[in-house]
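Colleague: Quick note, the sequence shown lines up with residues 2 to 153 if you use this note's numbering. Glycine is no exception: its CB is placed at the ideal position from the N, C-alpha and C atoms.
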Amino acid sequence: MLSDVHEGLRSFTAYAVLLSHVVAERLGLSATDSRCVDLLNRHGPITAGRLAELTGLTTGAVTGIVDRLERARFVRRDKDPADRRRVIIRLVPERENAAFAELASMTGRVDEILARYDDRELAAIADFLKRSGAGTAEEIARLREATEKSTT
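In C-alpha cells form, the structure reads like this:
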C-alpha cells in the first residue's frame, strides 16, 4: 500500500507541475512568474525581500519578476504606510481573479474527489498534506544550504 501512495504522489506532483505550466502559458507568464502570483495570492501583500525568501530566488531575480508582473498588470507596487522606504507588492484584484478562474475546473474536480471522504478521512488527508508540505520546505532548505556550502 505504501508503494501505491508513493506512486500516487509522484503522479500527482508531475501532473500538478504540468498544470501549473499550462496555466502560466495561458496567462502569458513564465512558470516562475505564475508561481509568484500564487505566492502573493496565498500570503497577501508582501515585500520583494519576503517574496525572495519564499521562492529562494535572489532579490535581483525577484525584482525582474515583479517588473514583468507589473508590466502585465498582475501586480502593483505600493509604498508601505508604516515605512515609506519599503515597497509592498500586491496583486491587482481583476488579474488575480482571471488567473484563478483558470483553475476553477480543477478546483471543482478536487472538491468532487474530496466529497467521497468522511470528516475523519479528510482530517487525515489534510494532516498528510500539511506535514508533507512542511517536510518538503525543510528538504528545500537543506538542499539550498548544501548547495551554498558546496559553491563557497
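Which one of GLU146, GLU122, VAL111 and ASP34 has the shortest CA to CA distance from ALA17?
Modeller: Locating residue 17 in the sequence shown gives position 16, where the first residue counts as 1. Nearest of GLU146, GLU122, VAL111 and ASP34 to ALA17, Cα basis: VAL111.
Colleague: How should SER35 be labelled, buried or exposed, when 16 other C-beta atoms within 10 angstroms of its C-beta is the threshold for buried?
Modeller: Taking the sequence shown and counting its residues from 1, one reaches residue 35 at position 34. Buried, because 16 or more other Cβ atoms sit within 10 Å of the Cβ of SER35.
Colleague: Determine the contact status of LYS80 and ARG72, defining contact as a CB-CB distance below 9 angstroms.
Modeller: On the sequence shown, residue 80 is found 79 positions in, with the first residue counted as 1. On the sequence shown, residue 72 is found 71 positions in, with the first residue counted as 1. Cβ atoms of LYS80 and ARG72: not closer than 9 angstroms.
Colleague: List the DSSP bridge partners of VAL76.
Modeller: Here residue 76 refers to the residue found at position 75 of the sequence shown. Answer is LEU92.
Colleague: In this structure, what does DSSP give as the bridge partners for ASP81?
Modeller: Here residue 81 refers to the residue found at position 80 when the sequence shown is read from its first residue. In the DSSP output, where bridge partners are listed per residue, ASP81 has ASP84.
Colleague: Hey, could you find the ends of the alpha helix (DSSP H) MET107 is sitting in?
Modeller: Against the sequence shown, residue 107 aligns to sequence position 106. 105–115 is the span of the alpha helix (DSSP H), which, as asked, contains MET107.
Colleague: Considering just the uninterrupted stretch of the alpha helix (DSSP H) at ASP16, what are its terminal residues?
Modeller: Counting from 1 along the sequence shown, the entry for residue 16 is found at position 15. In the sequence as presented, Asp is not what sits at residue 16; that position holds Tyr. Here the alpha helix (DSSP H) through TYR16 covers 3–28.
Colleague: Just curious, the alpha helix (DSSP H) that LEU144 is in, first and last residue?
Modeller: Counting from 1 along the sequence shown, the entry for residue 144 is found at position 143. Here the alpha helix (DSSP H) through LEU144 covers 120–152.
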